């Protein structure tokens, strides 16, 4: 059975493990190796507990009681865009890719944002993350912005996708 729920600080270890697995899958060959491992290492259980204490909204997707994915969401961070809400990150365990769970999680995250009055949504994805870009386009995301970020000495292009 597929369910969603808000995460708690008690989910910190499971979130750290899922984050590590998902990022290695998504960004190997995109983000330089040392930088990727540093970024993953900075998101251990302590980081997840900390953001929960600060009131972060992390929606979990569970399959038969097992955490299969998460979405971190809230108000739009960059100013000057027409969007009001943002999915800061959305990841599934690689074993669940292609099963429709990512779409389920996205739809639920968007529904939660709309319930908060955040009706226009934005998501950022690295342009070289072809899987992510294809996913957001398939869900109706329109490319509305591009910017560059530096990670581990590499200049990487980000694409902003919008809905609503």
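Numbering (the numbering used here), first residue to last: 766 to 929.
Glycine is no exception: its CB is placed at the ideal position from the N, C-alpha and C atoms.
Quantities reported herein were computed from a predicted structural model and do not represent experimental measurements.
Item: Beta-carbon spacing of residue 839, residue 856 below 9 Å; Value: no
Item: Distance CB(residue 817)-CB(residue 774) smaller than 9 Å; Value: yes
Item: For residue 885 and residue 872, the rounded distance between their alpha carbons; Value: 13 Å
Item: Beta-carbon proximity check, residue 907 vs residue 889, cutoff 9 Å; Value: no
Item: Distance between residue 796 and residue 913 (C-alpha atoms, nearest Å); Value: 13 Å
Item: Three-state secondary structure assigned by DSSP to residue 804; Value: helix
Item: Simplified DSSP state of residue 795, which is helix, strand or coil; Value: coil
Item: Residue range of the unbroken alpha helix (DSSP H) whose run includes residue 896; Value: 895-903
Item: Closest residue to residue 820 among 786, 858, 810, 772 (Cα-Cα distance); Value: 772
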